[in-house]
Amino acid sequence: METNPEAAGIQEDYQEFKKFDGEYLLEQKQREDEGQVIFEFEIPSLPDSFENALLPSPAWQNQDAADDGQPEVADESQEQELQEPLSSYSCCEKYPWYHGSISLNASVRLLSSGINGSFLVRDTESSPGQRSISLRYEGRVYHYRISEDSNRKVCLNAEAKFNTLAELVHYYSVLHKGQGLITAFLYPVPKEQHPTVFPLSPEPDEWEICRTDFMIKQKIGGAQYGEVFEAMWKRCGKTVAVKTSKDPKALINFLKEAAIMKDLKHPNLVQLMGVCTREPPYYLIIELKSHGNLVDFLRSAAAAVPLLYMATQIASGMNYLENRKIIHLDLAARNCLVGDNYLVKVADFGLAVLVQDDSYSAHTGDKFAIKWTARRA
Numbered sequence: 001m002e003t004n005p006e007a008a009g010i011q012e013d014y015q016e017f018k019k020f021d022g023e024y025l026l027e028q029k030q031r032e033d034e035g036q037v038i039f040e041f042e043i044p045s046l047p048d049s050f051e052n053a054l055l056p057s058p059a060w061q062n063q064d065a066a067d068d069g070q071p072e073v074a075d076e077s078q079e080q081e082l083q084e085p086l087s088s089y090s091c092c093e094k095y096p097w098y099h100g101s102i103s104l105n106a107s108v109r110l111l112s113s114g115i116n117g118s119f120l121v122r123d124t125e126s127s128p129g130q131r132s133i134s135l136r137y138e139g140r141v142y143h144y145r146i147s148e149d150s151n152r153k154v155c156l157n158a159e160a161k162f163n164t165l166a167e168l169v170h171y172y173s174v175l176h177k178g179q180g181l182i183t184a185f186l187y188p189v190p191k192e193q194h195p196t197v198f199p200l201s202p203e204p205d206e207w208e209i210c211r212t213d214f215m216i217k218q219k220i221g222g223a224q225y226g227e228v229f230e231a232m233w234k235r236c237g238k239t240v241a242v243k244t245s246k247d248p249k250a251l252i253n254f255l256k257e258a259a260i261m262k263d264l265k266h267p268n269l270v271q272l273m274g275v276c277t278r279e280p281p282y283y284l285i286i287e288l289k290s291h292g293n294l295v296d297f298l299r300s301a302a303a304a305v306p307l308l309y310m311a312t313q314i315a316s317g318m319n320y321l322e323n324r325k326i327i328h329l330d331l332a333a334r335n336c337l338v339g340d341n342y343l344v345k346v347a348d349f350g351l352a353v354l355v356q357d358d359s360y361s362a363h364t365g366d367k368f369a370i371k372w373t374a375r376r377a
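For the sequence shown, full-length UniProt numbering assigns the number 1 to the initial residue and increments by one for each residue that follows.
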């Protein structure tokens, strides 16, 4: 039998913010309530506003998922809520992350057997007409308040505002570092009436591919989070490149890279063709170019190479990324692939980030290729 958190005496007592290592954190306040430890957080404000940016498609859009674990109550949770009415909320029923009128305890139960990045949107049981986002990370369930301003824009804080709730969830599925979230929104928790396995892609037949469809051949290089192999896509009879990683910790990085890549459509950017993310080793399937990376191509070229033509192609691809508010952060000759007729495509988006304005600040632990970094950086 579920316990109503409000009836059980849980109070809406949010913590104050403090700064630590350049990021806003919350000071945890621990309370006991019927044997459960409750942690409450409120998302911090951003330094600048973010509205109507061009974003990649969310990894979960129009996709149902399954939760095969045994239900259990998570040991820690937090509660924050939404202001009503939401002008565009009626269309959210079609999304797999919207669970409607489920209780706080039910949301914790659904998330307790999930993985890091599992999330859902729900109506708040104790306050009819209000809604929250529940997010799982490292065994805890965090609940964040959603608000609406006088212009009917929804937000998790006063500065990052969106026209619809779907846009808000979309944004935080790609970007979370330094934004006050414990992790990105990666996996929508399945609605109990739709027990299907959730893949990364918005359409499972298009993006999530069975690993047995690929015959791995020789290793052709390394990537930011793993190795790259030449492989034969048996179903299509096509040679492709497969980025792999056996490290479960790399799954989030794979999800981020794929979420950015799958909405990039430009002749000078390497295209994502599919993913294998249900179990390790994880695969990102990308197009393979006939002449390998630009470094090896230039070193082995037997004739004069049209360097200016190749450079303009790289600049065109980078300009496309800039217009979509994406910073590559690892542009180098080794990460540019060469095809026939001197076609060049920028590859390896393992370090790419989506930014909210015209500036980017590095975080502690960020990696940079010093040799290829602009002097002004």
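Even for Gly, the Cβ is constructed at its ideal location relative to N, Cα and C.
Just so we're clear, the structure is a prediction, and the values are computed from it rather than from any experiment.
Local conformation of residue i per DSSP, three classes
{"i": "His170", "result": "helix"}
{"i": "Asp149", "result": "coil"}
{"i": "Asp213", "result": "helix"}
{"i": "Thr312", "result": "helix"}
{"i": "Arg324", "result": "coil"}
{"i": "Gly317", "result": "helix"}
{"i": "Val305", "result": "coil"}
{"i": "Val108", "result": "helix"}
{"i": "Lys94", "result": "helix"}
{"i": "Leu181", "result": "coil"}
{"i": "Leu331", "result": "coil"}
{"i": "Leu288", "result": "coil"}
{"i": "Leu269", "result": "strand"}
{"i": "Glu51", "result": "Note on Glu51: pLDDT 35, under 50, position unreliable in the model; no value is reported."}
Residue i and residue j closer than 7 Å at C-beta
{"i": "Gly226", "j": "Lys243", "result": "yes"}
{"i": "Ala333", "j": "Val295", "result": "yes"}
{"i": "Phe107", "j": "Glu125", "result": "It is worth fixing the name first, because residue 107 is Ser in this sequence and not Phe. Contact: no."}
{"i": "Ser132", "j": "Leu120", "result": "no"}
{"i": "residue 391", "j": "Leu111", "result": "There is simply no residue 391 to check, as the chain begins at 1 and stops at 377 in what is shown."}
{"i": "Ile209", "j": "Cys276", "result": "yes"}
{"i": "Glu257", "j": "Phe349", "result": "yes"}
{"i": "Gly117", "j": "Thr183", "result": "yes"}
{"i": "Val338", "j": "His291", "result": "yes"}
{"i": "Ile286", "j": "Leu308", "result": "no"}
{"i": "residue 380", "j": "Leu251", "result": "Since the displayed the chain opens at 1 and closes at 377, residue 380 lies outside it and no answer follows."}
{"i": "Trp97", "j": "Pro188", "result": "yes"}
{"i": "Val346", "j": "Leu269", "result": "yes"}
{"i": "Gly100", "j": "Trp207", "result": "no"}
Residue environment, residue i, which counts as buried when at least 16 other CB atoms sit within 10 Å
{"i": "Pro306", "result": "exposed"}
{"i": "Ala311", "result": "exposed"}
{"i": "Leu288", "result": "buried"}
{"i": "Lys161", "result": "buried"}
{"i": "Ala302", "result": "exposed"}
{"i": "Arg109", "result": "buried"}
{"i": "Cys336", "result": "buried"}
{"i": "Gly69", "result": "Note that Gly69 scores 36 on pLDDT, short of 50, meaning its location in the model is unreliable; the coordinates nonetheless yield the value given after this. Exposed is the call here."}
{"i": "Asp149", "result": "exposed"}
{"i": "Gln218", "result": "exposed"}
{"i": "Ser173", "result": "buried"}
{"i": "Leu331", "result": "buried"}
{"i": "Glu279", "result": "exposed"}
Residues that residue i bridges to, as DSSP identifies them
{"i": "Ser134", "result": "Leu120 and His143"}
{"i": "Asn293", "result": "Leu337"}
{"i": "Lys345", "result": "Leu337"}
{"i": "Lys161", "result": "Cys155"}
{"i": "Glu208", "result": "Val275"}
{"i": "Val189", "result": "In the DSSP output, where bridge partners are listed per residue, Val189 has none listed."}
Beta strand (DSSP E) segments (min. 3 residues) lying fully within the stretch 216–264: Taken in chain order, the unbroken stretches of beta strand (DSSP E) that lie wholly in the stretch 216–264 and span 3 residues or more are 226–233 and 238–245.
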